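Engineer: Residue numbers (the working numbering), protein chains in the order written: chain A, 69 to 394; chain B, 28 to 300; chain C, 570 to 880.
We treat Cβ as the ideally placed atom computed from N, Cα and C, and that holds for glycine.
Keep in mind it's a predicted model, so treat the numbers as computed, not measured.
Dropping the structure in here first, questions after.
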Amino acid sequence: MTGQALLEVEDLRIDLSVNGRRYPAVQDVSFSIRRGETFGLVGESGCGKSITALALIGLLRNPLSIGGGSIRFDGQELRDLSPDGIRKLRGSRISMIFQEPMTALNPLSPVGRQIAEMFALHKGANWREAERQAVEALARVRVPAPERRVKDYPHQLSGGMRQRVMIAMALACGPDLLLADEPTTALDVTVQAEILDLIRELSAAQGTAVLMISHDLGLIANMCQNVGVMYAGRLVEQRAADNIFLAPRHPYTQGLLAALPLLGARSKFGRKKLKEIEGVVPPVVAFPTGCRFNPRCHAATDLCRAEDPVVTSLPDSGLVRCHYHD
Amino acid sequence: MKIGANLLIGGLLFAAVVIAGTLAPWLAHTDPVMDADLLYAEEPPGAAFWFGTDAQGRDIYSRVLYGARISLTVGIISQLINTVIGVCLGVSAGYWGGWWDDFVSGLTNMMLAIPSLVFALAIMAILNPGLSSLLIALGLTNWSFTCRLARASTLSLKSQGYVQAAKVLGYSDVRIMLTQLLPNMLGPIIVIGTLGMGGAVLAEAALSFLGLGIRPPFPSWGSMLSDARDQITTAPWISIFPGVAIFVTVLGLNLLGDGLRDILDPQSRSRRA
Amino acid sequence: MISFVLRRLLQMVPIVLSIAAVIFLMFSVIPGTFVSSMNDDGRSVMDAEVAARINKEFGLDDPVYIRFGKYVGQLATLDLGTSFRTRQPVTTVLADRMWPTAQLALASMLFAIVFGVPLGFIAALRQGSWIDTISMISAVSGLSLPKFWLGLMLMYIFALVLGWLPSFGYGDGGIRYLILPSIALGVAPMALLARTTRATVLEIMDADFVRTARAKGMSEARVVQWHLTRNALVIVLTTIGLQFGTVIGQAVVVEKLFAWPGLGSLLVDSVTLRDIPVVQGAILVIVLFFLLINTLVDVVCAIIDPRIKYT
Numbered sequence: 069m070t071g072q073a074l075l076e077v078e079d080l081r082i083d084l085s086v087n088g089r090r091y092p093a094v095q096d097v098s099f100s101i102r103r104g105e106t107f108g109l110v111g112e113s114g115c116g117k118s119i120t121a122l123a124l125i126g127l128l129r130n131p132l133s134i135g136g137g138s139i140r141f142d143g144q145e146l147r148d149l150s151p152d153g154i155r156k157l158r159g160s161r162i163s164m165i166f167q168e169p170m171t172a173l174n175p176l177s178p179v180g181r182q183i184a185e186m187f188a189l190h191k192g193a194n195w196r197e198a199e200r201q202a203v204e205a206l207a208r209v210r211v212p213a214p215e216r217r218v219k220d221y222p223h224q225l226s227g228g229m230r231q232r233v234m235i236a237m238a239l240a241c242g243p244d245l246l247l248a249d250e251p252t253t254a255l256d257v258t259v260q261a262e263i264l265d266l267i268r269e270l271s272a273a274q275g276t277a278v279l280m281i282s283h284d285l286g287l288i289a290n291m292c293q294n295v296g297v298m299y300a301g302r303l304v305e306q307r308a309a310d311n312i313f314l315a316p317r318h319p320y321t322q323g324l325l326a327a328l329p330l331l332g333a334r335s336k337f338g339r340k341k342l343k344e345i346e347g348v349v350p351p352v353v354a355f356p357t358g359c360r361f362n363p364r365c366h367a368a369t370d371l372c373r374a375e376d377p378v379v380t381s382l383p384d385s386g387l388v389r390c391h392y393h394d
Numbered sequence: 028m029k030i031g032a033n034l035l036i037g038g039l040l041f042a043a044v045v046i047a048g049t050l051a052p053w054l055a056h057t058d059p060v061m062d063a064d065l066l067y068a069e070e071p072p073g074a075a076f077w078f079g080t081d082a083q084g085r086d087i088y089s090r091v092l093y094g095a096r097i098s099l100t101v102g103i104i105s106q107l108i109n110t111v112i113g114v115c116l117g118v119s120a121g122y123w124g125g126w127w128d129d130f131v132s133g134l135t136n137m138m139l140a141i142p143s144l145v146f147a148l149a150i151m152a153i154l155n156p157g158l159s160s161l162l163i164a165l166g167l168t169n170w171s172f173t174c175r176l177a178r179a180s181t182l183s184l185k186s187q188g189y190v191q192a193a194k195v196l197g198y199s200d201v202r203i204m205l206t207q208l209l210p211n212m213l214g215p216i217i218v219i220g221t222l223g224m225g226g227a228v229l230a231e232a233a234l235s236f237l238g239l240g241i242r243p244p245f246p247s248w249g250s251m252l253s254d255a256r257d258q259i260t261t262a263p264w265i266s267i268f269p270g271v272a273i274f275v276t277v278l279g280l281n282l283l284g285d286g287l288r289d290i291l292d293p294q295s296r297s298r299r300a
Numbered sequence: 570m571i572s573f574v575l576r577r578l579l580q581m582v583p584i585v586l587s588i589a590a591v592i593f594l595m596f597s598v599i600p601g602t603f604v605s606s607m608n609d610d611g612r613s614v615m616d617a618e619v620a621a622r623i624n625k626e627f628g629l630d631d632p633v634y635i636r637f638g639k640y641v642g643q644l645a646t647l648d649l650g651t652s653f654r655t656r657q658p659v660t661t662v663l664a665d666r667m668w669p670t671a672q673l674a675l676a677s678m679l680f681a682i683v684f685g686v687p688l689g690f691i692a693a694l695r696q697g698s699w700i701d702t703i704s705m706i707s708a709v710s711g712l713s714l715p716k717f718w719l720g721l722m723l724m725y726i727f728a729l730v731l732g733w734l735p736s737f738g739y740g741d742g743g744i745r746y747l748i749l750p751s752i753a754l755g756v757a758p759m760a761l762l763a764r765t766t767r768a769t770v771l772e773i774m775d776a777d778f779v780r781t782a783r784a785k786g787m788s789e790a791r792v793v794q795w796h797l798t799r800n801a802l803v804i805v806l807t808t809i810g811l812q813f814g815t816v817i818g819q820a821v822v823v824e825k826l827f828a829w830p831g832l833g834s835l836l837v838d839s840v841t842l843r844d845i846p847v848v849q850g851a852i853l854v855i856v857l858f859f860l861l862i863n864t865l866v867d868v869v870c871a872i873i874d875p876r877i878k879y880t
C-alpha cells in the first residue's frame, strides 16, 4: 500500500434535470482513494452514494449528469476524456459490482460467456481462450466445479453464486479500482461475510483499491480504512474508520451509529438502546435551506436552519460539515 | 412524444367526431338517405357539395356526418358491453378462484384463439344485419384483454390489507368487488376500453364493408366504402372521405388511449405497446 | 424438447374442441339455416317438400346433441361435412383456399417484421429524436387505418392510376398479385411491431444487466449486439405470434376487397349464403393455423430463453 492517490474527486456535482430545471443531487463531494486502499461511503438510500459511483465511470443516465468538479484517476482527468476514452477504462482499470446479482446478469446468456466477454473486450482474446480464462476466473472466486458452472445461466445459480460471478467479472482484468455498490445487501447474512472476505482477499492480492458503498456502518467498519458519510448529496463527515466509530462528530453519523445493533465487540462502546433517526432523506428537489440535516437533527438551532455549514478540518485530519462540530 | 400531446390531439379529434355526430342534423346540408338526385350523381367536391356526391347523387358530406353517429354508437356501446363482461368475469374469477376461475380462464384462452373479427363475422351470420346485431357481435367478442387484466389485478389486490380488512368486517363479496377491487383497477381498464373502442369502430366499418353490418342505404362509413368501390376510377372522392373519417376517429381514440395510459397506468409501457 | 412440442400440441386440443362446440351450437340453436335463409331472402322460394328433403339429407331434423355427436365423430376422421352449396366435401373446398391465405398472411407478416422491427429499434436507440417522433406518429397512424380503405387507396394509386401492379385477383399466384394485399394487411401489424419493439428495447436499455454490460466497458454497439437483441427478441417474437391471429382475422376483409381466393373470402361468401359446414370448417382451420403459429413461437422462445422450461 503506497501513499499515492489513485482517485481524487474534487467538488463533484451531479445535476438532476426536472422539467428543464437542474437540481444538485450531489454537491461539493471531495475525497480521494490511495492505491490498495478501501474507502467506504455510507448513508441511507437516496443520499447520492450510488450515483456518485456511477458518475466516476461515466454511467450516469438521463436525467442525471455531472454538473461540475473534477475526477482525477491516476493523474488523468476523467471529465476530459471522450466517452470512448472512459469506456476503455471501464472494466479494464475501473470495475463495478452492483447490488442486485439477480438482475445485473443477462438472463439469456451463460455466466461463463458473460465473464469471457471481459477477456474478449479488454485483452483481445478469442472466444475459446476467453472461455478458458472464464473458468479460471470462476475458480478464483471459489465457485465449485467452475468448468461446469460456466455453462449455467444466472437463474440456475443462487444469489451468492451470482454475486461471485459478478466479482469474477469485475476483477477479471485486474482493475486498479473496484466500485462495490451495496454488494451484499441483497444476500443472506451467512453469504454476506463470504462475499466480503472474497472482495477483501482478491483486492488485496491484486492491489486493487475499493470504493465500498453501503448503508451498513458495521460492514464499512470492518472493511475500510477511511470512511465518508453522505447525507442528502453531501459528505457530512470524512475520517479514518477507527476515529469515526470512536468519536463521531456529525449528528447524522452519531444517529447512524446509534441505530446499529450492538453485538460482540461493538457493545463496548456502551450504548444500550437502539435508536433510529426520525424522518426521511429529503428528495433532491426539496433540500431544506441551511444545513440539509437540520429538520432531522436533535440539536438543530436557528443558525442550522439559516446557514449552510462549511467543511471544517478536525485535529485527527478528518473533515466534518457541521456548525457545532466540537 | 410528450405526455400531454397525445391526450390533447386525441381528445380534440375525438371531440370533433362526437360534435359532428351529435350536431349532424344541423350541420348536414341534406338528408343522408332520402335526398338522392341522379341529376347530381358523382359530382366532384366543390362549393355546393363539399365532399362531392355519390352514384345516387347524395351529398357525401352529409352522409359522413351521419355516419359518425353509427360509428360512435357501435364503438361506445359495444366497448361498454365488453368492459362489463370482462370486468365481471375477471374480477369474479380472480376473487373466487376454484372451478369458476378455471372455467373463465379456459373461456378467455378460447376467445384469444379466435380472431375477434372472425368470431364477430360468425355471429353476424346468425343474426340479421343491423345496428343491434352489430352491438351484440362486437360486444361479445373483445373482452378477453379486459378480463385477463381484471383477473390479474384482483389476484394481486386480494391479498392486500384493506381488502382483507373489508372481509373481516363482514362485507359481502359483491360489495368488496365493487368498492375495494374495482376502483383500484379502473385506470388500466379505461385505457383498454378506449383503445378497444378504436378497434370496434374499425370492426364495424369492416363488417359493414362486407355487407354484414349496416346495410345500405344507411350511411355507415363502411357501407359507403362498399358502394364506392365500383366508382373508384370515375369518382375516387366517394371512397376518400368516409375512409378519412374512419381514420380520424380511430386515430383520435388511439391517441386518447395512449395519452390516458401515460396518466392512468404509467407502469405498463410495454404491456400492450 | 420433443415432449415439450408434443405437450404444446396436446394443449391445443381442448381449445379447438371447445371452439368447435361453440361454433356448432351457435349455428344450431339459433334459427336461420341454409334452407330458411333461402326463403328469407325471397330470392328463391322453396316449397315445403323440397325444404324437408334438404333438411333430411343433411340431417338437420335430428336433435342438436345427436348432430353434435356426429359432428365430433366426423372431426376425428378429419371429415368436416359437406358444403350445402357445392355439395363438395368441406375439406376439399378448404384445401384449395388454404395456400393463398397462408401466402397472404406470411407475406404481410414478413412486410410487418422487415419494416416494423428495425423501425422500432432505431426509434428506441434514437429516443426523443425526430426519427423517433416520426416513426411513432406513423405507427399510431398505421394502427388507425382501416385496412380495406388502405387497400382501396393502394389499388387506386398503384393499380388504376399508375398501372404498376394488378388491381385484384390471384392471377398466376405470382408475387405481383401479392404485393398490394399484403401491404394493406401488413401495415397495422408493422405499426404495432414498431411500437412493441421500441417499448421493449427502451425497457431493456434501462435493465440492470445492460448497465453491467456498460460497466464492463462495452461500446453501445456491442451492448446492442451482445445483450440487447436477444433479450428483445423473445418479446418481439411473442408479439409476432399474436399478430398472426389478427392478420388472419383481418385477411377476411382484405381478401374480399382484392378478390383473393383464400379462406377469408370463402368465409365471407359462406356466411352470406349460410353455408354452415363451410363456415364452421373455415373458422376451425383459421383457429388451428393461429394456434400452430403460436406453438411454433413458444418453441422458438423456449430455445432462446433458458428460463422457459421444457415442461
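1. Write down every uninterrupted run of the alpha helix (DSSP H) in the segment 102–161 of chain B whose length is 4 residues or greater and which is fully enclosed by it, in chain order.
2. Could you pull out every unbroken alpha helix (DSSP H) segment of at least 4 residues lying fully inside the segment 84–156 of chain A, listed in chain order?
3. Taking residue 327 (chain A) as the reference, which of A:351, A:343 and A:273 has the closest Cα?
4. In angstroms, rounded to a whole number, what distance separates the CA positions of residue 39 (chain B) and residue 287 (chain B)?
5. Counting contacts by CB-CB distance shorter than 8 Å, is residue 172 (chain A) in contact with chain C?
6. For chain B, find out if any of its Cβ atoms is closer than 8 Å to the Cβ of residue 652 (chain C); answer yes or no.
7. Considering residue 306 (chain A), what are the terminal residues of the alpha helix (DSSP H) in which it resides?
8. Spatial neighbours of residue 119 (chain B) within its chain, please: C-beta separation below 8 Å, excluding the five flanking residues on both sides.
9. Taking residue 776 (chain C) as the query, report the chain A residues whose CB atoms sit under 8 Å from its CB, ordered along the chain.
10. Taking the C-alpha atoms as reference points, what is the distance between residue 272 (chain B) and residue 251 (chain B)?
11. Measuring straight from C-alpha to C-alpha, what distance separates residue 736 (chain C) and residue 749 (chain C)?
12. Count the other C-beta atoms from every protein chain shown that fall within 10 angstroms of the C-beta of residue 90 (chain A), then say buried if there are 16 or more, exposed otherwise.
13. Please identify, using Cβ separations under 9 Å, the residues of the segment 253–279 of chain B that lie next to chain C, in order along the chain.
14. Taking the straight line between their C-alpha atoms, what separation do you get for residue 103 (chain B) and residue 232 (chain A)?
15. When the cut-off is 8 Å and only beta carbons count, does residue 609 (chain C) lie next to chain A?
16. Below 8 Å, how does it come out for the segment 200–219 of chain A and the segment 247–254 of chain A: are there three or more Cβ pairs, yes or no?
17. Residue 36 (chain A) bridges to which residues according to DSSP?
18. Do residue 95 (chain B) and residue 48 (chain B) have their CB atoms nearer than 8 Å?
19. Determine the chain F residues that contact residue 788 (chain C) at a beta-carbon separation under 7 Å, and present them in chain order.
20. Tell me whether residue 224 (chain B) is buried or exposed, calling it buried when 16 or more other Cβ atoms sit within 10 Å of its Cβ.
21. Note down, in chain order, each residue of its chain lying with its Cβ closer than 6 Å to the Cβ of residue 202 (chain B), except the 5 sequence neighbours on either side.
22. Three or more C-beta pairs closer than 8 Å, one from the segment 86–102 of chain A and one from the segment 293–306 of chain A: is that the case here?
23. Can you find a C-beta in chain C that's less than 8 Å from the C-beta of residue 142 (chain B)?
24. Please check the pair residue 292 (chain B) and residue 218 (chain B), which I expect to be a contact at CB under 8 Å, by giving their CB distance rounded to whole angstroms.
25. Can you check the segment 238–300 of chain A for any beta strand (DSSP E) of at least 3 residues that lies completely inside it and give the ranges in chain order?
26. Since residue 777 (chain C) and residue 171 (chain A) are thought to touch, with beta carbons under 8 Å apart, how far apart are those beta carbons, to the nearest angstrom?
27. Any idea what DSSP makes of residue 570 (chain C), helix, strand or coil?
28. Any idea what DSSP makes of residue 808 (chain C), helix, strand or coil?
29. Which residues in the same chain as residue 187 (chain A) place their Cβ atom closer than 6 Å to its Cβ, once the five residues preceding and following it in sequence are excluded?
30. How should residue 844 (chain C) be labelled, buried or exposed, when 16 other C-beta atoms within 10 angstroms of its C-beta is the threshold for buried?
31. Sort out for me which residues DSSP pairs residue 162 (chain A) with in a bridge.
32. Nearest chain A C-beta to residue 601 (chain C) closer than 8 Å, yes or no?
33. Short of 6 Å in beta carbon distance, which residues of its chain neighbour residue 733 (chain C), apart from the five on each side in sequence? Order them along the chain.
34. Excluding sequence positions up to five away, which residues of its chain have a Cβ less than 8 Å from the Cβ of residue 825 (chain C)?
35. For residue 73 (chain A), write down the residues that DSSP places opposite it in a beta bridge.
36. State yes or no: is the beta carbon of residue 661 (chain C) nearer than 8 Å to at least one beta carbon in chain B?
Structural biologist: On the basis of the supplied data:
1. 125–140 and 143–153
2. 117–124
3. A:343
4. 14 Å
5. yes
6. no
7. Careful: residue 306 (chain A) lies outside any alpha helix (DSSP H), inside the beta strand (DSSP E) at 302–308.
8. 127, 131 and 204
9. 171
10. 11 Å
11. 8 Å
12. exposed
13. 253, 255, 256, 259, 260, 263, 266, 267, 269, 270, 271, 273, 274, 275, 276, 277, 278 and 279
14. 56 Å
15. Confidence at residue 609 (chain C) is low in this model, with a pLDDT of 47, below 50, so the placement of that residue is unreliable and no value is reported for it.
16. no
17. Here chain A has residues from 69 to 394 only, and residue 36 (chain A) is not among them.
18. yes
19. Going by chain labels, chain F is absent from the structure shown, which instead holds the protein chains A, B and C.
20. buried
21. none
22. yes
23. yes
24. 5 Å
25. 245–249, 277–282 and 294–299
26. 4 Å
27. coil
28. helix
29. 193, 198 and 201
30. buried
31. A:158 and A:245
32. Bear in mind that the predicted position of residue 601 (chain C) carries a pLDDT of just 48, short of 50, making it too unreliable to give a figure here.
33. 727
34. 717, 833, 834 and 837
35. A:102
36. no
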